[in-house]
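**Student:** Please see the structure below; I have some questions.
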Amino acid sequence: MSPSSSGSDPAAIVTGGTRGIGREIAARLAAAGYRVLTCGRRAPADLPDGVAFTAADVREPEAAGQLVAAAVDRFGRLDLVVNNAGGSPAAPAATASPNLVTAVVRLNLLAPFFVAQAANTVMQGQPDGGLIVNIGSVSALRPAPGTAAYAAAKAGLETLTRALALEWAPKVRVNTVTAGVVRTEDNTAHYGDEAALAAVAATVPMGRMATPADIADAVLLLASPLAAYLTGASLLVDGGGQLPRYADTARPGAT
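Residues -3 to 251 (this note's numbering) are what the sequence shown spells out, left to right.
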């Protein structure tokens, strides 16, 4: 964590920070000394210590601007934005409805754009500038069946990161944490029961799915002075990717 030039603790926004990966990111930032504001369409039953909440649907440009304004009103500055809100149900490309495709793209690509625009306006006027971290997905690199709209939106997010980094440097840095398969409360809906989750974990060279803490650690790394020269970068957090189908026969000693 880097203290702001004003001497106060740095301030952060984490979109979609009420559950799963976003909640862990918000909690870890708060524990590291950040003043954190998170958002969602509905207030959660509880929040981690040091994390405040405001209702916002960041798919709407006006709501994204209001979110950033709320953070500045509360904290007096804005040092870090984590565009975490995202996701999609599985839907075959041949039958995905126009409404679903539009909704997925709005949440996973347009919402980060809207929040980033509003944040950049604030950060460019600060002596220390600021940092925007987009939470991406390996679906942008390795789409799975049923994820066409989501994968395309996340691929767009990777390109958006590089484009914004180019335009907004040196005051504002923009990076992506590209997450692999992450173990959250929603996994059974996507992968099935515990046996299915174990099978997924077995395809990862590190031998397990990522945890929300792994993604939060990557965000903290990008927010640290050690990453001060990184912008337009994509930090791949996927445990080494996925083992190819021929991996067992290709390993030393295999027959």
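All C-beta atoms, glycine included, are put in the ideal place defined by N, C-alpha and C.
Computed from a predicted structure; not experimentally measured.
Can you check which of these residues, 205, 194 and 163, is closest to residue 228 by C-alpha distance?
**Tutor:** Position 232 of the sequence shown, counted from the start, is the residue given in the question as residue 228. Measuring from the Cα of residue 228, the nearest candidate turns out to be 163.
**Student:** So residue 96 and residue 87 are in contact, right, with Cβ under 8 Å, and what is the actual spacing, rounded?
**Tutor:** On the sequence shown, position 100 is the one that residue 96 refers to. On the sequence shown, position 91 is the one that residue 87 refers to. Right, their Cβ atoms sit about 6 Å apart.
**Student:** May I have the straight-line CA-CA distance separating residue 20 from residue 215, to the nearest angstrom?
**Tutor:** Working through the sequence shown from its first residue, we reach residue 20 at position 24. Working through the sequence shown from its first residue, we reach residue 215 at position 219. So the two alpha carbons sit approximately 11 Å from each other.
**Student:** Would DSSP call residue 232 helix, strand or coil?
**Tutor:** For this step, residue 232 is matched to residue 236 along the sequence shown. Three-state DSSP puts residue 232 in a strand.
**Student:** By Cβ distance below 6 Å, which residues in the same chain neighbour residue 76 in space, the five residues on each side in sequence not counted?
**Tutor:** On the sequence shown, residue 76 is found 80 positions in, with the first residue counted as 1. Excluding sequence neighbours, residue 76 sits near 8, 127 and 219.
**Student:** Once you ignore the five residues that flank residue 161 on each side, which residues in its own chain have a CB closer than 6 Å to its CB?
**Tutor:** Start at 1 with the first residue of the sequence shown, and residue 161 comes out as number 165. Here the set comprises 170, 227 and 228.
**Student:** In whole angstroms, what is the alpha-carbon distance linking residue 223 and residue 217?
**Tutor:** Sequence index remark: in the sequence shown, residue 223 carries index 227 (1-based). Sequence index remark: in the sequence shown, residue 217 carries index 221 (1-based). Roughly 7 Å between the two C-alpha positions.
**Student:** Look up residue 74 in the DSSP assignment and say whether it is helix, strand or coil.
**Tutor:** Taking the first residue of the sequence shown as position 1, residue 74 is located at position 78. Residue 74 falls in the coil class under three-state DSSP.
**Student:** Quick check on the DSSP output: the alpha helix (DSSP H) that includes residue 118 runs from which residue to which?
**Tutor:** One-based indexing of the sequence shown puts residue 118 at position 122. Note, residue 118: alpha helix (DSSP H), 107 to 119.
**Student:** Provide the residue span of the beta strand (DSSP E) that contains residue 31, from first to last.
**Tutor:** For the purposes of this step, residue 31 is identified with residue 35 of the sequence shown, where counting begins at 1. Segment 31 to 36, the beta strand (DSSP E) holding residue 31.
**Student:** Closest by CA to residue 210, which one among 40, 98 and 175?
**Tutor:** One-based indexing of the sequence shown puts residue 210 at position 214. For residue 210, the nearest C-alpha among the options comes from 175.
**Student:** In angstroms, rounded to a whole number, what distance separates the CA positions of residue 6 and residue 31?
**Tutor:** Position 10 of the sequence shown, counted from the first residue, corresponds to residue 6. Position 35 of the sequence shown, counted from the first residue, corresponds to residue 31. Each residue's Cα considered, the two are about 6 Å apart.
**Student:** Which residues in the same chain have their Cβ closer than 6 Å to the Cβ of residue 25, if we skip the five residues on either side of it in sequence?
**Tutor:** Here residue 25 refers to the residue found at position 29 of the sequence shown. Around residue 25: 8 and 32.
**Student:** For the 8 Å Cβ check, are there 3 or more pairs between the region 89 to 105 and the region 136 to 146?
**Tutor:** A contact exists between the region 89 to 105 and the region 136 to 146.
**Student:** Whether or not the region 113 to 128 and the region 64 to 79 are in contact is what I'm after, with contact meaning three or more pairs of Cβ atoms, one per stretch, closer than 8 Å; do they touch?
**Tutor:** Counting Cβ pairs under 8 Å, three or more are found: they touch.
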